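Notes follow once the structure below has been shown.
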Amino acid sequence: DTAVSQTPKYLVTQMGNDKSIKCEQNLGHDTMYWYKQDSKKFLKIMFSYNNKELIINETVPNRFSPKSPDKAHLNLHINSLELGDSAVYFCASSQGTTGSGETQYFGPGTRLLVL
Amino acid sequence: DQQVKQNSPSLSVQEGRISILNCDYTNSMFDYFLWYKKYPAEGPTFLISISSIKDKNEDGRFTVFLNKSAKHLSLHIVPSQPGDSAVYFCAASDPRRSQGNLIFGKGTKLSVKP
């Protein structure tokens with residue numbers, strides 16, 4: 013009965029590879045997000061999707077491409093991985109589409125290590 | 004620039020006592036604030052929230068206080084329990100930004116000693 017799930021939980025890969033992280037939510041939420049937690053432990057928004065449409069794209073290299081096949085899924089594809097991409101990536105979802113007052117629910121995170 | 008600041012990286016309290024975690028923000032447009040709790044190797048779990056139209060919200064052992072004039076909020080946990088040991092993140096929402104993406108503080112690691 014996991015609300016927001018991510019796969020894989022751990023990902024170790026070589027520089028230059030392409031990888032994907034999957035996210036699924038079974039809460040019936042309209043909005044999904046990707047956050048990155050870097051080595052300094054800051055959680056920063058990367059993307060936000062509402063009903064399969066991109067809403068937010070913060071300053072993220074275009075090597076990162078989110079894909080939302082349906083409202084319950086938001087996958088993150090990363091091309092040409094770099095050492096600096098090593099981080100924990102969290103998926104989240106929220107019910108509403110308005111700017112505030114919405115609680116976001118997070119997945120368990122994917123720990124990406126680029127060697 | 005850090006719009007949400009948690010200046011104490013860690014806090015240690017004795018079981019049964021009160022834990023007070025603090026958070027400061029710089030953007031007066033923030034109108035919704037949340038606290039998340041995070042255990043190692045898990046995602047942040049929502050704990051409690053407060054709207055800017057309130058100055059207090061209580062849920063069981065957890066109370067959040069908001070002081071808008073000081074741009075400060077705090078989370079009180081009483082009584083503290085060893086299971087409360089985790090990293091606590093303060094987050095804020097800016098209504099001018101679409102879809103309510105949250106701006107997080109750096110977190111405070113709480114250790115509750117038996």
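Chains as they are written, first to last, in the working numbering: chain A, 13 to 127; chain B, 4 to 117. No residue lacks a Cβ here, since even glycine has one placed at the ideal position from N, Cα and C. Remember, predicted model here, so these are calculated numbers, not experimental data.
Straight across, the Cα-Cα distance linking C35 of chain A with G108 of chain A is about 18 Å.
Within the region 45–89 of chain A, the beta strand (DSSP E) runs of at least 3 residues that lie entirely inside it are, in chain order, 55–62, 65–69 and 76–82. Where D62 of chain B is concerned, the enclosing beta strand (DSSP E) starts and stops at K59 to D62. For D27 of chain B, the enclosing beta strand (DSSP E) has its first and last residue at S22 to Y28.
For the region 54–73 of chain A, residues whose beta-carbon sits nearer than 7 Å to a beta-carbon of chain B comprise F54, L55, I57, S60, N62, I67 and I68. Here DSSP, grouped into helix, strand and coil, assigns L69 of chain B to strand. Sequence-ordered contacts of the region 35–49 of chain B with chain A read Y35, L37, Y39, K41, A44, E45, G46, P47, T48 and F49 [C-beta pairs closer than 9 Å].
Between P98 of chain B and Y35 of chain B, the C-beta spacing is below 9 Å. As the crow flies, the alpha-carbon of S72 of chain B is around 44 Å from that of V126 of chain A. Think of a sphere of 9 Å around the beta carbon of G110 of chain B: the chain A residues whose beta carbon falls inside it are K53, F54 and L55, in chain order. When the Cα atoms are used, L14 of chain B and C26 of chain B turn out to be separated by approximately 13 Å. For L125 of chain A, the enclosing beta strand (DSSP E) starts and ends at T122 to V126. Counting along the chain, A94 of chain B sits inside the beta strand (DSSP E) bounded by residues A89 to S96. For A89 of chain B, no Cβ of chain A is located within less than 9 Å of the residue's own Cβ. Bounds of the beta strand (DSSP E) holding L37 of chain B are Y35 to K41. Residue contact with chain A for A94 of chain B: present (Cβ-Cβ distance below 9 Å to some residue of chain A). Between F107 of chain B and the set A:K64, A:M58 and A:D97, the nearest pair of CA atoms involves A:M58. Apart from sequence neighbours up to five positions away, the residues of its chain that approach L69 of chain B with a beta-carbon distance below 6 Å are I53, D58 and L76, ordered along the chain. A95 of chain B sits away from F49 of chain B, with the two beta carbons spaced by 9 Å or more.
In this chain, the beta strand (DSSP E) harbouring Q18 of chain A covers V16 to T19. Secondary structure at L78 of chain B: strand, using DSSP grouped into helix, strand and coil.
In the DSSP assignment, T111 of chain B falls within the unbroken beta strand (DSSP E) covering T111 to K116.
Taking the C-beta atoms as reference points, Y45 of chain A is found no nearer than 9 Å to R123 of chain A.
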